[in-house]
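In the working numbering, the protein residues as written are 22 to 329.
Please read the structure below before turning to the comments.
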Amino acid sequence: MKVKFVSDKGGILLRLLFIAAFFSLHAYLYFGSPLYKGEEAGKAAYSGDGFKLNLTGAVISRAQGDKIKIKAFALHPEIKIIVPENIPQRQIFFEIDNIGSHRAPLSSFLKNFKKLKNGVSFSLDVHVQGEFTVALPKNDSAKFNFAVMGDSRGSASPFANHRGAFFVFRRIITQAARTNPLFAMDLGDLVNSGKYYQYRILNSALRSMKNMVFLGVVGNHDLKNSGRRFWNILFGPPYYSFEHNGWRFIAVDNNAEDFGEEQFQWLEAELTRSSPGRFFVFMHKPLFDPRPGQNYTMLNDLQRERFI
Numbered sequence: 022m023k024v025k026f027v028s029d030k031g032g033i034l035l036r037l038l039f040i041a042a043f044f045s046l047h048a049y050l051y052f053g054s055p056l057y058k059g060e061e062a063g064k065a066a067y068s069g070d071g072f073k074l075n076l077t078g079a080v081i082s083r084a085q086g087d088k089i090k091i092k093a094f095a096l097h098p099e100i101k102i103i104v105p106e107n108i109p110q111r112q113i114f115f116e117i118d119n120i121g122s123h124r125a126p127l128s129s130f131l132k133n134f135k136k137l138k139n140g141v142s143f144s145l146d147v148h149v150q151g152e153f154t155v156a157l158p159k160n161d162s163a164k165f166n167f168a169v170m171g172d173s174r175g176s177a178s179p180f181a182n183h184r185g186a187f188f189v190f191r192r193i194i195t196q197a198a199r200t201n202p203l204f205a206m207d208l209g210d211l212v213n214s215g216k217y218y219q220y221r222i223l224n225s226a227l228r229s230m231k232n233m234v235f236l237g238v239v240g241n242h243d244l245k246n247s248g249r250r251f252w253n254i255l256f257g258p259p260y261y262s263f264e265h266n267g268w269r270f271i272a273v274d275n276n277a278e279d280f281g282e283e284q285f286q287w288l289e290a291e292l293t294r295s296s297p298g299r300f301f302v303f304m305h306k307p308l309f310d311p312r313p314g315q316n317y318t319m320l321n322d323l324q325r326e327r328f329i
């Protein structure tokens, strides 16, 4: 039997290749998909060349001329297109993410309609003055299920510890997808400290989803540093609601010490609009802590009592 030894030079080269591969993998997992941070990102209104957009249940992800990318943060988003005056005929191209493409049926009204991994794309011809609304057909099935999870942030690095905490969130959403939910709702703390690179990691996980609407309630960890800006880009406003088959789903932001009179009035109006006993309210901080000796709840006791 012959034994062939690798030269010192060859051994060094192998080690360098291994180190390069290690750090390349780390960079890919660690930094994730970039988050577009243009002025229009995370907003529900946009002014283009000769037209305006007002969104319900969705925000702008990116806008480049007549190419508009939209991120839904609720079921059944709507796009209102406003053309102030007649313009030369043109096509506006839309891409809507986070609506679950398998639930979006084809429509003859929309041109170049295409189902994507977790959304749809289409185009519209506009030129006549006026307003019109694009609303994807609803699937108000009598029976449906949805998934709820929370505090699912993992480690900020895939190599930080032996438990694989970095991959916890991906495992959770994979398991949730197997139940074919109408949507999945995360109750907050999706990132550790609201930093940009953490939201990039989260964005990579969200972009990997297929045919599952993923919604969020903002948590205190999500808001640290510049987290609120990044949260708005990925998940829209801090509180919102939507309706499905007679049920109203309400998401609130109860992280600050002051819940805010404006949000209280909005919540009361939403509950008034809801059918008795046919609503869900999602929040990050609980109204009471069932654990003995623990008291992780809303910070303001008076407002907590008012909430109840």
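All C-beta atoms, glycine included, are put in the ideal place defined by N, C-alpha and C.
query: Is the beta carbon of L203 sitting closer than 8 Å to the one on H265?; result: yes
query: So, is the C-beta of Y217 closer than 8 Å to a C-beta in chain D?; result: Although the question refers to chain D, the structure presented lacks it and comprises just one protein chain.
query: Name, in chain order, the residues that DSSP records as bridge partners for K101.; result: N75 and T154
query: Using only CA atoms, which one of R294, H242 and A65 lies nearest to N275?; result: H242
query: To the nearest whole angstrom, what separates the beta carbons of I102 and V141, a pair I think is in contact under 8 Å?; result: Not a contact, Cβ separation roughly 16 Å.
query: Mind checking whether F263 and F270 have CB atoms under 8 Å apart?; result: yes
query: Report the CB separation of I81 from F115 in whole angstroms; it is logged as a contact under 8 Å.; result: The Cβ separation is near 11 Å, so there is no contact.
query: Using the DSSP secondary-structure output, state which residues sit across from A93 in a beta bridge.; result: A79
query: Just to check my reading of the structure: K231 and K138 have Cβ atoms closer than 8 Å, yes? What is that Cβ distance to the nearest angstrom?; result: 5 Å
query: Of all the options F301, Q150, M170 and Q219, which has the alpha carbon lying nearest to the alpha carbon of P109?; result: Q150
query: Contact defined as beta carbons within less than 8 Å: I believe F94 pairs with G78. What is the distance between those atoms, to the nearest angstrom?; result: 6 Å
query: DSSP on F280, reduced to helix/strand/coil?; result: coil
query: Work out the CA separation of N253 and Y218 for me, nearest whole Å.; result: 15 Å
query: Which residues does DSSP list as the beta-bridge partners of G237?; result: D207
query: So what's N289 in DSSP terms, helix, strand or just coil?; result: Checking the displayed sequence, the identity of residue 289 turns out to be Glu instead of Asn. Reduced to three states, the DSSP call for E289 is helix.
query: Is it true that the stretch 212-228 meets the stretch 316-327, where meeting means three or more beta-carbon pairs spaced less than 8 Å apart?; result: no
query: Inspect the beta-carbon positions of A66 and L56 and report whether they are closer than 8 Å.; result: no
query: Tell me, to the nearest whole angstrom, how far the beta carbon of L96 is from that of V273; I am working on the premise that it is less than 8 Å.; result: In fact, because the Cβ distance is near 17 Å, the residues do not count as touching under 8 Å.
query: For I113 and F153, I'd like the C-alpha separation in whole angstroms.; result: 14 Å
query: In three-state terms, what does DSSP make of H183?; result: Low confidence applies to H183: its pLDDT is 49, below 50, so where it sits in the model is not reliable, and the reading given next is rough at best. Coil at H183, not helix or strand.
query: Determine the burial state of P105: buried for a count of at least 16 other Cβ atoms within 10 Å of its Cβ, exposed for fewer.; result: exposed
query: Leaving out the 5 sequence neighbours to the left and right, which residues in its chain are closer than 8 Å to A84 when beta-carbon positions are compared?; result: G59, E61, Y67, G69 and K90
query: I'd like the span of the alpha helix (DSSP H) that includes I117, first residue to last.; result: First-last for I117: R111 to D118, but that is the beta strand (DSSP E), not the alpha helix (DSSP H).
query: Tell me whether L244 sits in a helix, a strand or coil according to DSSP, three-state version.; result: coil
query: Exposed or buried, which one is G215 when buried takes at least 16 other CB atoms within 10 Å?; result: buried
query: Among the residues of its own chain, which have a CB less than 7 Å from the CB of Q324, if the five just before and after it don't count?; result: F280
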